[in-house]
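A.B. asks: If you read the sequence shown in the working numbering, its first letter stands for residue 12, the second for the next number, and so on.
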Amino acid sequence: MAKSRQQIRDEMTGLLLRGGLIGVIAFAAAVAFMVIPIQIGKIWPTTSIQTGYRGTGMDVIRFDTQIAATVAANTPPVLGAPIPPEAGAPLAGDAYPFAEAAGVGNLTVANFDRLNAAIAVWVAPEAAFGASDGYLQAISVRHLEMTRAINDEWDAHVGPTGVNCYTCHRGESVPLDTWFSPEPLNNWAGPNAMFQNQATAMNYSTALPVDAMQTYLLETEQLVGVNGYDSRNTTGEPGASIYHTYQTFSLMQHFANSLGVNCTYCHNTRSIADPAGFTPQWASAQIGRAMTQDINNTWIVPDLELLPPERLGPLGDPAKVNCATCHLGAPQTFNGESAVVDFPELVSAEPVYE
Numbered sequence: 012m013a014k015s016r017q018q019i020r021d022e023m024t025g026l027l028l029r030g031g032l033i034g035v036i037a038f039a040a041a042v043a044f045m046v047i048p049i050q051i052g053k054i055w056p057t058t059s060i061q062t063g064y065r066g067t068g069m070d071v072i073r074f075d076t077q078i079a080a081t082v083a084a085n086t087p088p089v090l091g092a093p094i095p096p097e098a099g100a101p102l103a104g105d106a107y108p109f110a111e112a113a114g115v116g117n118l119t120v121a122n123f124d125r126l127n128a129a130i131a132v133w134v135a136p137e138a139a140f141g142a143s144d145g146y147l148q149a150i151s152v153r154h155l156e157m158t159r160a161i162n163d164e165w166d167a168h169v170g171p172t173g174v175n176c177y178t179c180h181r182g183e184s185v186p187l188d189t190w191f192s193p194e195p196l197n198n199w200a201g202p203n204a205m206f207q208n209q210a211t212a213m214n215y216s217t218a219l220p221v222d223a224m225q226t227y228l229l230e231t232e233q234l235v236g237v238n239g240y241d242s243r244n245t246t247g248e249p250g251a252s253i254y255h256t257y258q259t260f261s262l263m264q265h266f267a268n269s270l271g272v273n274c275t276y277c278h279n280t281r282s283i284a285d286p287a288g289f290t291p292q293w294a295s296a297q298i299g300r301a302m303t304q305d306i307n308n309t310w311i312v313p314d315l316e317l318l319p320p321e322r323l324g325p326l327g328d329p330a331k332v333n334c335a336t337c338h339l340g341a342p343q344t345f346n347g348e349s350a351v352v353d354f355p356e357l358v359s360a361e362p363v364y365e
């Protein structure tokens, strides 16, 4: 049955109305997409922290809610204060057979018990000295030595905050932010592609290489700088190769996410290779990277002989540390509060109580 002219006209009108409605909705969505992000700063207040010279735009801008969450995550538990030893106070080495081997036999029983209780909270009950006869006991002894070494040898980076067991562990037997040596995605792809295009936590689900931590936080030969004056340098010597640049950008992404900052926290992005524009945080980052390499090579990798197979990565290596292990999204661990003021036992084998 043929449609009348009026029916055709009504159908066309309906189509135009529906099409117009869809257009209006699409236009409104486009406007919202452009306007809402601009207004978010007004709806959700932000705080700006100047990190470089005035007028250079070197600021870190963060949502206040984000800052509050980071502060809460970096607030350590409140534990007992140190107990100044009294003359003739019993020593842990005399009271506990395992205390001497743990390197804390010279502590008074009261301070040993206090430190042991803190380790049970900072790490796990089974990590306390004498709590188990397995590998955890041996790891606890080594990592007490490691903590003292960090506080003594790397004061340029960790001072005056210092580190304690909670700095990394946050109440977990294995710290939340650690990494294993990555497996190549495609062995046939060659050295410049086998570690790319893997969506993992190590590259924050990007196409960037996943071996940046292996290169910069474990191995010590590779320089980070990638600024050069020749285009498409593929030799890697003496300037930066394209793949080296990808690795560096992956590392910078790790720095930014670990500390909750952006590029201008360390660099003047108008002249990113000019040392005159670096902030003091840039120098601290260099020391922190060297410290991380030292921790991984001196203390973590040798743990391999103590750990059971289930604690190892796919390539048979132990879980290693990175910047996020300690910082957990904060520019300063524990929001700048001292981690050792109540635990001089973590600074020296001969603690000084004040």
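Backbone N, C-alpha and C fix where the C-beta goes; we use that ideal spot for every residue, glycine too.
Using a Cβ-Cβ cut-off of 7 Å (strictly less than) and excluding sequence neighbours within five positions of L262, which residues of its own chain qualify?
C.D. replies: Excluding positions up to five away in sequence, the list reads A223, Y227 and V235.
A.B. asks: Note down the Cα distance separating M69 from T280, rounded to an integer number of angstroms.
C.D. replies: If I take the Cα positions, the gap works out to 8 Å.
A.B. asks: With a threshold of 8 Å on Cβ separation, who are the neighbours of N197 within its own chain once the five nearest residues in sequence on each side are excluded?
C.D. replies: These residues qualify, in order along the chain: A204 and M205.
A.B. asks: Looking at C-alpha atoms only, which residue of Y177, A138, T275 and N307 is the closest neighbour of Q225?
C.D. replies: Considering only alpha carbons, the answer is N307.
A.B. asks: Looking only at C-alpha atoms, which of L326, T58 and F191 sits nearest to T76?
C.D. replies: Cα-wise, what sits closest to T76 is T58.
A.B. asks: Just checking my contact of L126 with F354 at CB under 8 Å: how many whole Å lie between their CB atoms?
C.D. replies: Rounded, the Cβ-Cβ distance is 7 Å, consistent with contact.
A.B. asks: Looking at the structure shown, is P329 part of a helix, part of a strand, or coil, going by DSSP?
C.D. replies: In the structure shown, P329 sits in a strand (DSSP, three-state: E or B).
A.B. asks: Please return the same chain residues whose Cβ sits closer than 8 Å to the Cβ of A139, not counting the five positions on each side in sequence.
C.D. replies: Only N127, A128, I130, A131 and S151 meet the Cβ criterion.
A.B. asks: Buried or exposed: which applies to T211, given that a residue is buried once 16 or more other Cβ atoms fall within 10 Å of its Cβ?
C.D. replies: So T211 counts as exposed.
A.B. asks: Could you tell me which uninterrupted alpha helix (DSSP H) segments, each at least 4 residues in length, are contained entirely in the stretch 96-158, listed from first to last along the chain?
C.D. replies: The stretch 96-158 contains these whole alpha helix (DSSP H) runs: 103-106 and 120-133.
A.B. asks: Taking Cβ to Cβ, would you say K331 is nearer than 9 Å to T189?
C.D. replies: Cβ distance < 9 Å, so K331 and T189 count as in contact.
A.B. asks: Decide if F38 is buried, meaning its Cβ has at least 16 other Cβ atoms within 10 Å, or exposed.
C.D. replies: So F38 ends up on the exposed side.
A.B. asks: Taking C-beta to C-beta, are H265 and C337 nearer than 9 Å?
C.D. replies: It is not a contact, given that the beta carbons lie outside the stated cut-off.
A.B. asks: Here's a check: name, in chain order, each residue in its chain whose Cβ is nearer than 6 Å to the Cβ of V120, leaving out the five neighbours to either side.
C.D. replies: The answer, listed in chain order, is P101, A103 and A106.
A.B. asks: Can you round the beta-carbon distance between P186 and Q207 to whole angstroms, since I take them to be within the 8 Å contact cut?
C.D. replies: The Cβ separation is near 27 Å, so there is no contact.
A.B. asks: Hey, could you find the ends of the beta strand (DSSP E) S59 is sitting in?
C.D. replies: Here the beta strand (DSSP E) through S59 covers T57 to Q61.
A.B. asks: With T290 and G63 assumed to form a contact (beta carbons below 8 Å), what rounded beta-carbon distance in angstroms separates them?
C.D. replies: At roughly 5 Å, the Cβ-Cβ gap stays under 8 Å, so T290 and G63 are in contact.
A.B. asks: Please list, in chain order, all residues of the same chain as C274 whose beta carbon is under 8 Å from its beta carbon, the five residues on each side excluded.
C.D. replies: Counting only Cβ-Cβ distances below 8 Å, and skipping sequence neighbours, we find M263, A267, T280 and I283.
A.B. asks: In whole angstroms, what is the alpha-carbon distance linking P88 and T178?
C.D. replies: Roughly 11 Å separates the two Cα atoms.
A.B. asks: When DSSP labels each residue in this structure, what does W310 get in the three-state scheme?
C.D. replies: The answer is helix: DSSP assigns W310 an H, G or I state.
A.B. asks: The beta strand (DSSP E) spanning I298 covers which residue range?
C.D. replies: Not the beta strand (DSSP E): I298 falls in the alpha helix (DSSP H), residues P291 to D305.
A.B. asks: Go ahead and pull the three-state DSSP assignment for V71.
C.D. replies: DSSP places V71 in strand when its eight states are reduced to three.
A.B. asks: Looking only at its chain, what residues have a beta carbon closer than 6 Å to the beta carbon of D314, apart from the 5 residues adjacent to it on each side?
C.D. replies: Here the set comprises P329.
A.B. asks: Near M157, what residues of its chain come up, given a Cβ to Cβ distance below 6 Å and the 5 sequence neighbours on each side ignored?
C.D. replies: For M157, where only same-chain residues beyond five positions count, the Cβ hits under 6 Å are W310.
A.B. asks: Quick one: what's W190 bridged to in DSSP?
C.D. replies: Answer is K331, bridged to W190.
A.B. asks: Am I right that C277 and Q292 are in contact with their C-beta atoms under 8 Å? What's the rounded C-beta distance?
C.D. replies: About 5 Å; that satisfies the 8 Å criterion.
A.B. asks: Got a sec, what are the start and stop residues for the alpha helix (DSSP H) S261 sits in?
C.D. replies: Looking at the DSSP string, the run of the alpha helix (DSSP H) that includes S261 is I253 to L270.
A.B. asks: Using C-beta distances below 7 Å, list every residue in its chain close to S15, excluding the 5 sequence neighbours before and after it, in chain order.
C.D. replies: So no residue of the chain qualifies.
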